[in-house]
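S.K.:
2 protein chains.
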Amino acid sequence: MAVTGHADPGRRGSSIRAIPEATVARLAGYLRVLSAGVPDGTISSDELAAFAGVNSAKLRKDLSYLGSHGTRGVGYDVATLTAEIERTLGAHAVYPVALVGVGHLGSALAGYGGFAGRGFPISVLLDSDPAKIGTSVAGIVVSDIAEAAEVCRARAVTIGVIATPESAAQQVADVLVAAGVRSILNFAPGRLVLPDDVELRRIDLALELQMLAFHESRRGRSAARLEAL
Amino acid sequence: MAVTGHADPGRRGSSIRAIPEATVARLAGYLRVLSAGVPDGTISSDELAAFAGVNSAKLRKDLSYLGSHGTRGVGYDVATLTAEIERTLGAHAVYPVALVGVGHLGSALAGYGGFAGRGFPISVLLDSDPAKIGTSVAGIVVSDIAEAAEVCRARAVTIGVIATPESAAQQVADVLVAAGVRSILNFAPGRLVLPDDVELRRIDLALELQMLAFHESRRGRSAARLEAL
DNA sequence: GTGACTTTGTGCCTGCGTTCACAAGTGACT
DNA sequence: AGTCACTTGTGAACGCAGGCACAAAGTCAC
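So the protein sequences, as listed, match chains A and B. All residue numbers for the first sequence refer to the working numbering, where the first residue is 399 and numbers rise by one. All residue numbers for the second sequence refer to the working numbering, where the first residue is 399 and numbers rise by one.
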């Protein structure tokens, strides 16, 4: 039952102050705004909040978790704040990623440049299909999933990305965990069962569309609509 | 700011009670479990909850929003419950999707079979690159973004998916809205400004990785982190 | 029909995240 | 030096979602 984070009551006491998951997500957003699109110098919480599209009080509370004190009457020093957020998020480090499943989605992710630039180079590609093993995708040779452990350890992989069909996802996840990966991003639908100390995040494309469809259908309820009801 | 709160007197009141966003997401999950992997007949909330990986009380509360009454002492009729959830989510209808940006990610999404099977056929592909317009991707001809309005209306598109670089995202979103699209799924990082009646969901791949990196980096610091400064 | 058993539906409590509002600190200006 | 305008940091209130526990309601056996 290790869904995103908070399924672990009582055991997380080792950090300075527990930073809420929602705050971490927003911090990453602030970091992006700060990194690109803000002049050097100082910035007030109101300004930054406007850029990021959030309430300024929320922003200040978020930043208060960092211990990063701005100066009252002036605002936050952009350089200092950037460094502070990076330090807190661990964004100054590089996290090699292993991507499993070199299908449509997997290839696209491998070819997407936005990851390496943000400290997440895709260092390992894995698949079980003999036709794919040994081929090169986006400049990286595809390895056999059976060799996951050696390859991942050799490249100091810390994060695994699952882009396989649902049927293979659980098995792949187990392999990754056995290979020492403790953070997994799962694109396959369905539920993964993992040890509690493995951090899991899920991206379910069909679910997102279904959420939109729900609102769409609620909208159309008043007008007569060509539905198969 | 399209807040999900319900302090909105002018709500379209076709549904009995406002359904929380979190509940809608879980309902989609229940639907998947029900559709594949559950024997016909009846199922108790405990069983279904175990399959879906949630608390059984939460499941019952979720289902109570449907007005779908199970029978006490027995459980829920699988067929009835499935139909009920589908009706509520609008999952019985088909929602044609327009996908903008036929790059790495866009092509992958177009080729991903998981959408059409769930009622979200990708009916329109759009791009601004003349080299791509007119070509065929996953069996669909790429149209010029300039013709978005006509093409989308012709195909009765209700949902738009943005898979362009960040720099083009806002502009594309505006075009989609002008073309009558009122639900958007955005893969581009950054913030989109949209009319209040347009439903927006965001998938930020880099953000997900950064969340994992945060936990990863905290793990490494578990030595002894007393109050700094 | 009756009683025992099973499972739903929900009232209540708890805890978290968001928002408000304001005291406290800072720099500029006179 | 003193005042003033400005902005941070946070205590407190609020609202929402999650979980517990139990009464209501229905079934099954006899």
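Beta carbons: idealized from backbone N, C-alpha and C, even for Gly.
1) Let me check one thing: in DSSP terms, what residues is B/I538 bridge-paired to?
2) Leaving out the 5 sequence neighbours to the left and right, which residues in its chain are closer than 7 Å to B/L590 when beta-carbon positions are compared?
3) Report buried or exposed for A/A450, applying the criterion of at least 16 other Cβ atoms within 10 angstroms of its Cβ.
4) Three-state secondary structure (DSSP) at B/G504?
5) Quick test of the definition: if touching needs 3 or more C-beta pairs under 8 Å, does the stretch 510-527 of chain B touch the stretch 417-429 of chain B?
6) What is the rounded straight-line gap between the Cα of A/E614 and the Cα of B/T556?
7) Can a CB atom of chain A be found closer than 8 Å to the CB of B/L487?
8) Nearest CA to the CA of B/A416: which residue from B/L487, B/L432, B/D444?
9) Determine, using beta carbons only, whether B/G473 comes closer than 8 Å to chain A.
10) Enumerate in chain order the residues of its own chain whose CB-to-CB distance from A/L479 is below 7 Å, with the five nearest sequence positions on each side excluded.
11) Given that B/E606 touches chain A, what residues does it touch there, using C-beta distances under 7 Å?
12) Grab me the residues of B/Q608's own chain with a C-beta within less than 6 Å of its C-beta, minus the 5 sequence neighbours each way, in chain order.
13) Please return the same chain residues whose Cβ sits closer than 6 Å to the Cβ of B/S454, not counting the five positions on each side in sequence.
14) What residue range is occupied by the uninterrupted alpha helix (DSSP H) comprising B/D444?
15) My understanding is that A/R551 touches A/V522, with C-beta atoms under 8 Å, so please give their C-beta distance in whole angstroms.
16) When the cut-off is 8 Å and only beta carbons count, does A/V422 lie next to chain B?
17) So, at 8 Å on beta carbons, what are the nonlocal neighbours of A/A508 in its own chain, with the 5 sequence-adjacent residues on each side left out?
18) Entirely within the stretch 517-598 of chain B and at least 4 residues each: give me those alpha helix (DSSP H) ranges in chain order.
19) Do we get a CB-CB distance below 8 Å when we pair B/T562 with the residues of chain A?
20) For B/V559 and B/L603, what's the separation of their Cα atoms in angstroms?
21) Helix or strand or just coil, what does DSSP make of B/A481?
22) Taking 8 Å as the threshold (C-beta atoms), are B/Y474 and B/L441 in contact?
23) Under 7 Å between beta-carbons, which chain B residues line up against A/Y493? List them in chain order, please.
24) Closer than 7 Å by C-beta to B/R458: which residues in its own chain qualify, once you throw out the five before and the five after it? Chain order, please.
25) Which one or two residues does DSSP pair with B/V495 in a beta bridge?
26) In three-state DSSP terms, what is A/R600?
27) With 16 other CB atoms within 10 Å as the buried threshold, where does B/P587 fall?
28) Could you please give the first and the last residue of the uninterrupted alpha helix (DSSP H) stretch that includes A/A426?
29) In whole angstroms, give me the CA-to-CA distance for B/V472 and B/G517.
30) Going by DSSP, what residue range makes up the alpha helix (DSSP H) through B/R458?
M.R.: Put simply:
1) For the purposes of this step, residue 538 of chain B is taken as residue 140 along the second sequence, with counting starting at 1. Answer is B/V535, bridged to B/I538.
2) Along the second sequence, read from residue 1 onward, the residue named residue 590 of chain B stands at position 192. Only A567, Q568, A571, N584, L598 meet the Cβ criterion.
3) One-based indexing of the first sequence puts residue 450 of chain A at position 52. With 16 or more other Cβ atoms within 10 Å, it is buried.
4) To locate residue 504 of chain B, count along the second sequence from 1; it is residue 106. It is helical.
5) Per the Cβ contact rule, the stretch 510-527 of chain B is not in contact with the stretch 417-429 of chain B (fewer than 3 Cβ pairs under 8 Å).
6) In the first sequence, residue 614 of chain A corresponds to position 216, counting from 1. In the second sequence, residue 556 of chain B corresponds to position 158, counting from 1. If you take the alpha carbons of A/E614 and B/T556, they lie about 8 Å apart.
7) For the purposes of this step, residue 487 of chain B is taken as the residue at position 89 of the second sequence. Chain A contact via Cβ: present.
8) Looking up residue 416 of chain B in the second sequence gives position 18. Measuring from the Cα of B/A416, the nearest candidate turns out to be B/L487.
9) In the second sequence, counting from the first residue as 1, residue 473 of chain B sits at position 75. It does not; no Cβ of chain A falls within 8 Å.
10) The sequence position of residue 479 of chain A within the first sequence is 81, counting from 1. Result list for A/L479: L432, S466, in chain order.
11) Counted from its first residue, the second sequence places residue 606 of chain B at position 208. Within chain A, the residues placing a beta-carbon under 7 Å from that of B/E606 are L583, R599, I601, ordered along the chain.
12) Numbered from its first residue, the second sequence carries residue 608 of chain B at position 210. Nothing meets the Cβ criterion.
13) As a working note, residue 454 of chain B is residue 56 in the second sequence. If we look at B/S454 and ignore the five residues flanking it on each side, its Cβ neighbours are S443, D444, A447.
14) On the second sequence, residue 444 of chain B is found 46 positions in, with the first residue counted as 1. That run of the alpha helix (DSSP H) goes 443-450.
15) Taking the first residue of the first sequence as position 1, residue 551 of chain A is located at position 153. Taking the first residue of the first sequence as position 1, residue 522 of chain A is located at position 124. Contact flag wrong, Cβ pair sits at about 10 Å.
16) Numbered from 1 along the first sequence, position 24 holds the residue referred to as residue 422 of chain A. It does; some Cβ of chain B falls within 8 Å.
17) The count along the first sequence starts at 1 and reaches residue 508 of chain A at position 110. Same-chain partners within the cutoff: L497, V500, I520, L523, V535, A536, I538.
18) Taking only runs of at least 4 residues, the alpha helix (DSSP H) segments lying wholly in the stretch 517-598 of chain B are 546-552, 564-576.
19) Taking the second sequence and counting its residues from 1, the one referred to as residue 562 of chain B is at position 164. No, its Cβ sits nowhere closer than 8 Å to a Cβ of chain A.
20) The sequence position of residue 559 of chain B within the second sequence is 161, counting from 1. The sequence position of residue 603 of chain B within the second sequence is 205, counting from 1. Roughly 15 Å separates the two Cα atoms.
21) In the second sequence, counting from the first residue as 1, residue 481 of chain B sits at position 83. Look at B/A481 here: in three-state DSSP terms it is helix.
22) Residue mapping note: residue 441 of chain B aligns to position 43 of the second sequence, counting from 1. Residue mapping note: residue 474 of chain B aligns to position 76 of the second sequence, counting from 1. Strictly speaking, residue 441 of chain B in this sequence is Ile, with Leu absent from that position. Yes, the pair counts as a contact, with Cβ atoms nearer than the cut-off.
23) Numbered from 1 along the first sequence, position 95 holds the residue referred to as residue 493 of chain A. Around A/Y493, the beta-carbon contacts reaching into chain B at under 7 Å are A611, E614.
24) Stepping through the second sequence from its first residue, residue 458 of chain B is reached at position 60. Answer for B/R458: S443, listed in chain order.
25) Within the second sequence, residue 495 of chain B is the residue found at index 97, counting from 1. Answer is B/I520, B/I557, bridged to B/V495.
26) In the first sequence, the residue the question calls residue 600 of chain A occupies position 202. DSSP places A/R600 in strand when its eight states are reduced to three.
27) Walking along the second sequence from the start, residue 587 of chain B turns up at place 189. Buried, because 16 or more other Cβ atoms sit within 10 Å of the Cβ of B/P587.
28) Here residue 426 of chain A refers to the residue found at position 28 when the first sequence is read from its first residue. Here the alpha helix (DSSP H) through A/A426 covers 419-433.
29) Here residue 472 of chain B refers to the residue found at position 74 of the second sequence. Here residue 517 of chain B refers to the residue found at position 119 of the second sequence. A straight-line Cα-Cα distance of about 32 Å links B/V472 and B/G517.
30) The sequence position of residue 458 of chain B within the second sequence is 60, counting from 1. Where B/R458 is concerned, the enclosing alpha helix (DSSP H) starts and stops at 454-462.
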